[in-house]
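Throughout the sequence shown, residue numbering follows mature numbering (1 follows the signal peptide of the UniProt record, and there is no 0), covering -20 to -1, 1 to 262 in sequence.
In this text, a Cβ means the ideal position worked out from N, Cα and C, and glycines have one as well.
Keep in mind the model is a prediction, meaning the values are calculated, not measured.
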Amino acid sequence: MKNIIINLCICLVVLGYVGGVGETETEKLLESDVNPAIIPISNENEVNDEILENATMPAVASVSLVNETVVIEENVNITTKATKVDCKARELSVDENPTVFIVNSSVMLGAVVPETNISANECALVLFFAPWCHFSALAAPHFNALARLYPTFHLFAINAIKFNGLNTRYGIAAVPTLVLFHNGRAIAKFNETVYSLDNFVQFVGKYTSSQTDGIINVTSADFFGPLPSTPSNETDYVLIIVWTFIFACATFGFVKSTFCCRIVEVIRNNWREAEAQHEHVE
């Protein structure tokens, strides 16, 4: 009975508190209704301002993005044009015909010395090759034809195997490799997989403003030199040393293996049995 009375008292207290809160909320609502025309107008203006701001922001952003895109495209075009260098025409004697010069390392270093005079604009194409390399032989006639198409260029070919001191200096990792020099500095390297005359012309036109002089074709004379179009049959001593080293390592590993020890042990046992049987027969 006492518990029932206590629960009823608690319920009455809670109901009284809820009623007081409800009256307070009702009074607040009535106070807000006193000037109904003032508050909605200010809220409506704020909402309209926010709508206008939100409506104008995308347009401004789109304009700025368009302007940024235009600026970026203009910069890209300027950079692309700036990558092309001018090549000054070298002087040729009356009886001199443009050709490829096969040089050694000393002549090569003397020919591509960095120029302090920026306006010199001397261009050179250097092919690093190997005489026994079939790919170098395939690229040879196409490189020989470049001398006829670009008479203003210096064209050199160097044996990258014999004069390997220049490989590290110019980043030569394989042969054949074609490198373009401007004022004695390497500015571009041919990265195509097919070494053809058309690709060579596209490579030169990509980095220089020079134009071809004549018809772009490979003639029969280009196969006869100066750069040979047939691989040489010279003995590769480095390859012989490598194979000898591999054979020696394989032999040493086989001798130290358990399989070899078992074979030797079987041969010894058979030999001993044969000797013992021979002594028994005697």
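| Query | Result |
| --- | --- |
| Residue 38 to residue 183 span [Cα, whole Å] | Confidence in residue 38 is poor, its pLDDT being 41 and thus under 50, which makes the residue's placement unreliable; the coordinate value appears in the next sentence. Their backbone Cα atoms lie some 44 Å apart in a straight line. |
| Residue of 118, 114 and 137 minimising C-alpha distance to residue 85 | 137 |
| Reduced DSSP secondary structure (H/G/I, E/B, other) of residue 72 | coil |
| Beta-carbon proximity check, residue 103 vs residue 161, cutoff 8 Å | yes |
| DSSP state of residue 203 mapped onto helix, strand, coil | helix |
| Helix, strand or coil at residue 136 [DSSP, three-state] | strand |
| Host alpha helix (DSSP H) of residue 108 (start-end) | No alpha helix (DSSP H) contains residue 108, which is instead part of the beta strand (DSSP E) from 103 to 109. |
| Counterpart residues of residue 81 in DSSP-defined beta bridges | 136 |
| 8 Å CB neighbourhood of residue 91 in its chain, flanking five on each side removed | 83, 104, 134 and 136 |
| The stretch 221 to 230 touching the stretch 147 to 160, judged by at least three CB pairs closer than 8 Å | no |
| Terminal residues of the alpha helix (DSSP H) in which residue 161 lies | Where residue 161 is concerned, there is no enclosing alpha helix (DSSP H), although the beta strand (DSSP E) it sits in stretches over 157 to 162. |
| Segment contact flag, the stretch 183 to 197 with the stretch 124 to 131, C-beta cutoff 8 Å, min 3 pairs | yes |
| Residue 166 in three-state terms, based on DSSP | strand |
| For residue 108 and residue 173, believed in contact at Cβ under 8 Å, the rounded distance | At roughly 16 Å, the Cβ-Cβ gap does not stay under 8 Å, so residue 173 and residue 108 are not in contact. |
| Residue 190 to residue 98 span [Cα, whole Å] | 17 Å |
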